[in-house]
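Student: For what it's worth, the numbering used here labels the leading residue of the sequence shown as 157, then goes sequentially.
Mind looking over this structure? Questions follow.
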Amino acid sequence: MSRIAFGGSVVFVVAGLVACGGASQPAATPVVSIAPGRGRCPDLAKADEVSTFDFASEFALSHEAADKLKAATLAAAEIMQLSDKLDAGFGIACAQIALGLGTTGDFRSGHDACSAAYRSVLDARQKIGEKTTPKLVVHRPICLTDASAMTKCASLCDSSVTADRASGYCAFRAGRCDGSCTGVCDVKSRAKCEGNCSGMCDGAMKGACGGRCKGTCDGRASYGYCVGTCVGTCEGSAMTGECKGQCSGACELKAPAICDGLCAGTCSVALDDAKCAGNFKTPHISAPCLARCELAIMGQTECSIPKVGLVFSGRMSPKERDQADAMKVAIDKSFPGLLKILYELGDDGTTKVKSAQAVILNARAAFKTMARSDVSESQLTKCFSEPFKTAAAQASVITSVLDRATAVRNTLSK
Numbered sequence: 157m158s159r160i161a162f163g164g165s166v167v168f169v170v171a172g173l174v175a176c177g178g179a180s181q182p183a184a185t186p187v188v189s190i191a192p193g194r195g196r197c198p199d200l201a202k203a204d205e206v207s208t209f210d211f212a213s214e215f216a217l218s219h220e221a222a223d224k225l226k227a228a229t230l231a232a233a234e235i236m237q238l239s240d241k242l243d244a245g246f247g248i249a250c251a252q253i254a255l256g257l258g259t260t261g262d263f264r265s266g267h268d269a270c271s272a273a274y275r276s277v278l279d280a281r282q283k284i285g286e287k288t289t290p291k292l293v294v295h296r297p298i299c300l301t302d303a304s305a306m307t308k309c310a311s312l313c314d315s316s317v318t319a320d321r322a323s324g325y326c327a328f329r330a331g332r333c334d335g336s337c338t339g340v341c342d343v344k345s346r347a348k349c350e351g352n353c354s355g356m357c358d359g360a361m362k363g364a365c366g367g368r369c370k371g372t373c374d375g376r377a378s379y380g381y382c383v384g385t386c387v388g389t390c391e392g393s394a395m396t397g398e399c400k401g402q403c404s405g406a407c408e409l410k411a412p413a414i415c416d417g418l419c420a421g422t423c424s425v426a427l428d429d430a431k432c433a434g435n436f437k438t439p440h441i442s443a444p445c446l447a448r449c450e451l452a453i454m455g456q457t458e459c460s461i462p463k464v465g466l467v468f469s470g471r472m473s474p475k476e477r478d479q480a481d482a483m484k485v486a487i488d489k490s491f492p493g494l495l496k497i498l499y500e501l502g503d504d505g506t507t508k509v510k511s512a513q514a515v516i517l518n519a520r521a522a523f524k525t526m527a528r529s530d531v532s533e534s535q536l537t538k539c540f541s542e543p544f545k546t547a548a549a550q551a552s553v554i555t556s557v558l559d560r561a562t563a564v565r566n567t568l569s570k
């Protein structure tokens with residue numbers, strides 16, 4: 157028997173045997189045994205290490221199986237990081253809402269805090285009576301992500317695609333514009349806005365007012381809350397519409413203009429420090445890789461803090477009006493933190509988390525089909541079974557707290 161090394165495999169060849177009488181017998185069919193890899197487990201807490209980890213060599217996998225495992229491992233790492241971030245973020249934001257509305261207690265998790273906030277908002281609504289309806293006026297923030305984030309992510313987790321197919325170009329960008337800005341200008345401080353202002357207006361305005369409208373509301377004299385169109389001044393809170401004074405917030409420009417702040421759109425010269433302010437073009441990569449990258453982009457997105465204003469419509473008794481005023485003060489102060497996180501996650505945040513969870517669970521169930529030997533399967537199970545199980549469970553925790561936080565917002569915005 158001869159032993160020949162070939163690449164990463166060992167081939168055993170049985171030579172022809174001589175039978176009694178001297179007749180030669182045909183050589184046996186060569187038997188190929190795939191040598192197991194080293195099986196060193198990557199550290200899921202270190203995303204950079206996972207990105208450069210050689211899954212194919214470590215576990216003797218095909219390139220296709222290695223890419224599938226790598227995408228699942230990176231998705232699991234993203235889930236764990238996102239879980240910690242959201243538990244803390246939602247915990248603080250929802251606790252502020254609950255405490256601001258008079259609820260006391262200790263909240264052990266983001267889900268507990270958002271459950272308390274949800275009950276607190278419902279209780280506050282009951283105190284202002286069934287004939288009164290609250291409405292939230294929101295200045296939508298500008299949300300930014302590294303413009304090259306999608307392309308970098310796509311190139312790391314799918315080895316089969318070329319550079320052009322991995323491109324995740326973002327057409328709508330934001331940055332400092334030293335020329336004329338076309339789009340939205342998020343001003344650093346108060347400035348004249350030749351367009352629609354979303355934020356605060358210190359002069360005459362026409363539009364939605366999240367504070368007290370002094371002037372007319374839908375054509376009728378107004379000195380208080382206005383759910384319709386306010387013409388006059390909006391005191392003490394966010395507004396959206398035409399501002400004839402100084403605008404603090406985002407100005408949707410009617411025509412190209414100088415922007416002393418962040419220009420989201422296009423600039424007559426190259427934007428400085430440009431970042432993505434919209435959606436990325438979807439790269440042509442595998443579904444597991446795309447699910448991981450969309451989760452990574454969601455985790456890296458950073459929004460400015462939105463301005464909000466709570467207004468009411470309907471009849472209120474003097475006592476109910478006092479309750480409404482107290483509710484407005486609490487909501488105007490505490491809701492921006494919650495909305496900031498929800499804008500960063502996007503309306504499809506739950507869907508993206510569930511897609512990544514499916515990638516992790518599918519990979520965990522495919523160790524046997526990925527592996528080329530029993531030893532390799534054992535190595536995969538040892539390294540990834542429990543981490544994948546934990547990450548999948550944390551994905552369910554994320555969707556649960558996200559759904560609860562969304563419910564808190566929807567009690568006032570829908």
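No residue lacks a Cβ here, since even glycine has one placed at the ideal position from N, Cα and C.
Secondary structure at residue 376, three-state DSSP: helix, strand or coil?
Tutor: On the sequence shown, residue 376 is found 220 positions in, with the first residue counted as 1. In the structure shown, residue 376 sits in a strand (DSSP, three-state: E or B).
Student: Where does residue 442 sit, in a helix, a strand or coil, going by DSSP?
Tutor: For the purposes of this step, residue 442 is taken as residue 286 along the sequence shown, with counting starting at 1. Reduced to three states, the DSSP call for residue 442 is coil.
Student: Would you decide whether residue 485 is buried or exposed? Buried here means 16 or more other CB atoms lie within 10 Å of its CB.
Tutor: Indexing the sequence shown from 1 puts residue 485 at position 329. Exposed is the call here.
Student: Is the region 422-432 touching the region 204-214, taking contact as three or more C-beta pairs under 8 Å?
Tutor: no
Student: Can residue 339 and residue 232 be called in contact, C-beta distance under 9 Å?
Tutor: Numbered from its first residue, the sequence shown carries residue 339 at position 183. Numbered from its first residue, the sequence shown carries residue 232 at position 76. Going by C-beta atoms, residue 339 is not nearer than 9 Å to residue 232.
Student: Near residue 278, what residues of its chain come up, given a Cβ to Cβ distance below 7 Å and the 5 sequence neighbours on each side ignored?
Tutor: Numbered from 1 along the sequence shown, position 122 holds the residue referred to as residue 278. 567, listed in sequence order.
Student: So does the region 488-496 actually touch the region 458-467, counting three or more Cβ pairs closer than 8 Å?
Tutor: Touching, yes, given that three or more Cβ pairs across the two stretches are closer than 8 Å.
Student: To the nearest angstrom, how far is the alpha carbon of residue 255 from that of residue 249?
Tutor: Counting from one through the sequence shown, the residue named residue 255 turns up at place 99. Counting from one through the sequence shown, the residue named residue 249 turns up at place 93. Those two C-alpha atoms are separated by around 10 Å.
Student: Which runs of the alpha helix (DSSP H) at least 4 residues long sit entirely within the region 482-563? Give them in chain order.
Tutor: 505-520 and 523-526
Student: Starting from the Cα of residue 104, find the closest Cα among 243, 288 and 289 and give me that residue.
Tutor: No information on residue 104 is available, as it lies outside the stretch 157 to 570 that the chain covers here.
Student: Alpha carbon to alpha carbon, how far is residue 316 from residue 219? Give it in angstroms, no decimals.
Tutor: As a position in the sequence shown, residue 219 is number 63, starting the count at 1. As a position in the sequence shown, residue 316 is number 160, starting the count at 1. Their backbone Cα atoms lie some 8 Å apart in a straight line.
Student: Could you tell me which whole alpha helix (DSSP H) segments of length 4 or greater appear in the region 260-293?
Tutor: Within the region 260-293, the complete alpha helix (DSSP H) segments of 4 residues or longer fall at 266-283, listed in chain order.
Student: Expressed to the nearest angstrom, what Euclidean distance is found between the alpha-carbon atoms of residue 388 and residue 475?
Tutor: Indexing the sequence shown from 1 puts residue 388 at position 232. Indexing the sequence shown from 1 puts residue 475 at position 319. Inter-residue distance for residue 388 and residue 475 is about 27 Å (C-alpha atoms, whole angstroms).
Student: Using the rule of at least 16 other Cβ atoms within 10 Å of the residue's Cβ for burial, across every protein chain shown, is residue 342 buried or exposed?
Tutor: The residue given as residue 342 occupies position 186 in the sequence shown. Answer is buried; the Cβ neighbour count reaches 16.
Student: Within 10 Å of its beta-carbon, does residue 424 have 16 or more other beta-carbons around it, so buried, or fewer, so exposed?
Tutor: Residue 424 sits at position 268 when you count from the first residue of the sequence shown. Under this definition residue 424 is an exposed residue.
Student: Give the secondary structure of residue 211 by DSSP, where H, G and I count as helix, E and B as strand, and everything else as coil.
Tutor: Within the sequence shown, residue 211 is the residue found at index 55, counting from 1. Here residue 211 sits in helix by DSSP.
Student: Could you give the first and the last residue of the continuous alpha helix (DSSP H) run that contains residue 391?
Tutor: Within the sequence shown, numbered from 1, the residue matching residue 391 stands at position 235. No alpha helix (DSSP H) contains residue 391, which is instead part of the beta strand (DSSP E) from 386-391.
Student: Bridge partners of residue 328, per DSSP?
Tutor: As a position in the sequence shown, residue 328 is number 172, starting the count at 1. DSSP, once it has assigned bridges, lists no residue as partnering residue 328.
Student: By DSSP's criteria, residue 408 is part of a beta bridge. Which residues make up the other side?
Tutor: Locating residue 408 in the sequence shown gives position 252, counting from the first residue. 340 and 352.
Student: I'd like the list of long-range same chain contacts for residue 203, defined as Cβ closer than 6 Å, with 5 residues on each side in sequence excluded.
Tutor: Translated into the one-based positions of the sequence shown, residue 203 becomes position 47. Answer for residue 203: 233, listed in chain order.
Student: Between which two residues does the alpha helix (DSSP H) containing residue 243 stretch?
Tutor: Here residue 243 refers to the residue found at position 87 of the sequence shown. Segment 219-256, the alpha helix (DSSP H) holding residue 243.
Student: With DSSP as the reference, please indicate the residues paired to residue 464 in a beta bridge.
Tutor: Here residue 464 refers to the residue found at position 308 when the sequence shown is read from its first residue. Looking at the DSSP assignment, residue 464 forms a beta bridge with 294.
Student: Using alpha carbons as the reference points, say which of 213, 237 and 365 lies closest to residue 453.
Tutor: As a working note, residue 453 is residue 297 in the sequence shown. Out of 213, 237 and 365, 237 has the C-alpha closest to the C-alpha of residue 453.
Student: Do residue 344 and residue 416 have their beta-carbon atoms positioned less than 9 Å apart in this structure?
Tutor: Position 260 of the sequence shown holds residue 416. Position 188 of the sequence shown holds residue 344. A contact, by the Cβ cut-off of 9 Å.
Student: Using DSSP bridges, identify the partner residues of residue 312.
Tutor: Locating residue 312 in the sequence shown gives position 156, counting from the first residue. DSSP lists no bridge partner for residue 312.
Student: Cβ atoms of residue 433 and residue 330: under 9 Å apart, would you say?
Tutor: As a working mapping, residue 330 is identified with position 174 in the sequence shown. As a working mapping, residue 433 is identified with position 277 in the sequence shown. Cβ atoms of residue 330 and residue 433: closer than 9 Å.
Student: Is there contact between the region 403-414 and the region 346-355, where contact requires at least three CB pairs shorter than 8 Å?
Tutor: Touching, per the Cβ criterion.
Student: For residue 541, I'd like the list of residues in its chain whose CB is within less than 7 Å of its CB, leaving aside the five on either flank, ordered along the chain.
Tutor: As a working note, residue 541 is residue 385 in the sequence shown. Excluding sequence neighbours, residue 541 sits near 520.
Student: From this set, 534, 435, 288 and 550, which residue's C-alpha is nearest residue 327's C-alpha?
Tutor: Sequence index remark: in the sequence shown, residue 327 carries index 171 (1-based). It is 435 whose Cα lies nearest to the Cα of residue 327.
Student: Tell me where the beta strand (DSSP E) around residue 429 begins and ends.
Tutor: Stepping through the sequence shown from its first residue, residue 429 is reached at position 273. It spans 428-432 - the beta strand (DSSP E) in which residue 429 sits, taken as one unbroken run.
Student: Give the range of the beta strand (DSSP E) segment to which residue 363 is assigned.
Tutor: The residue you call residue 363 lines up with position 207 of the sequence shown. Where residue 363 is concerned, the enclosing beta strand (DSSP E) stretches over 361-365.
Student: Excluding five sequence neighbours on each side, which residues of the same chain lie with their C-beta closer than 8 Å to the C-beta of residue 444?
Tutor: Residue 444 sits at position 288 when you count from the first residue of the sequence shown. Result list for residue 444: 223, 224, 227, 228, 231, 313, 515, 518 and 519, in chain order.
Student: Which residues in the same chain as residue 362 place their Cβ atom closer than 6 Å to its Cβ, once the five residues preceding and following it in sequence are excluded?
Tutor: Numbered from its first residue, the sequence shown carries residue 362 at position 206. Contacts found: 387, 397 and 398.
Student: Taking the beta strand (DSSP E) that residue 420 belongs to, which residues open and close that run?
Tutor: Numbered from 1 along the sequence shown, position 264 holds the residue referred to as residue 420. Boundaries of the beta strand (DSSP E) harbouring residue 420: 417-423, taken from the DSSP string.
Student: For the beta strand (DSSP E) holding residue 399, just list the boundary residues, first then last.
Tutor: Translated into positions along the sequence shown, residue 399 becomes position 243. That run of the beta strand (DSSP E) goes 395-399.
Student: Which word fits residue 582, buried or exposed, when buried means at least 16 other C-beta atoms lie within 10 angstroms of its C-beta?
Tutor: The displayed coordinates of the chain run from 157 to 570. Any statement about residue 582 would go beyond what the structure contains.
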